[in-house]
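Note that our numbering gives residue 322 to position 77 of the sequence shown, counting from 1, and the numbers run on in steps of one. Think of the CB as a built atom: it goes at the ideal place given N, C-alpha and C, for glycine as much as any other residue.
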Amino acid sequence: MERMPRGVSTQEFREQAVKLVESEGLSMREVARRLSIPIGSMKNWVNAARAGKLNEVGQAQKPLTDLEMELARVRKELAEVKLERGLLKNHLSGAPSPFWTETARACIVTLCRQ
């Protein structure tokens, strides 16, 4: 499976995360869990802040091109369509179906068999 593009955090977000570790006394693992970021990123930010180089973090990342963003969007849409197709295929093959199934793109309503 292809990797999806990583999220890019703002400078202010990184500074606030480091502040939680430095001044609030929370562990890096706890802050990473609360902010839903990888622990490795949190460690990198804290180490960079202690070295005085937090402003340089993330500068080496190249921005995504329009083509890469479009490719990620199309892959996400394809995954959603495959999920919807699988739901319909299971319904048609006689598998028990719910009254309604909601996906990211549509709400599929099915009737009870009697």
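Helix, strand or coil at residue i according to DSSP, with G and I counted as helix
i	result
E269	coil
S286	helix
L333	helix
R294	The residue asked about is misnamed: residue 294 is Ala in this sequence, not Arg. A294 falls in the helix class under three-state DSSP.
L309	coil
Alpha carbon of residue i to alpha carbon of residue j, nearest angstrom
i	j	result
S286	L333	40 Å
R274	E313	32 Å
R278	I284	8 Å
M316	S268	According to the sequence shown, residue 316 is Leu rather than Met. Each residue's alpha carbon lies about 41 Å from the other.
P250	N300	In this prediction, P250 scores a pLDDT of 49, lower than 50, which makes its location untrustworthy; the coordinate-derived value is nonetheless stated afterwards. Approximately 22 Å, taken between the alpha carbons.
E329	R320	14 Å
A296	L323	44 Å
L280	V326	31 Å
T310	L271	37 Å
R259	G331	40 Å
L282	N335	In the sequence as presented, Leu is not what sits at residue 282; that position holds Ile. Distance between the alpha carbons of I282 and N335: 36 Å.
E257	P308	19 Å
S390	R318	In the structure as shown, the chain starts at 246 and stops at 359, and residue 390 therefore has no counterpart that could be examined.
V276	K298	20 Å
Is the stretch 283 to 298 touching the stretch 259 to 274 in the sense that three or more CB pairs, one from each, lie closer than 8 Å? yes
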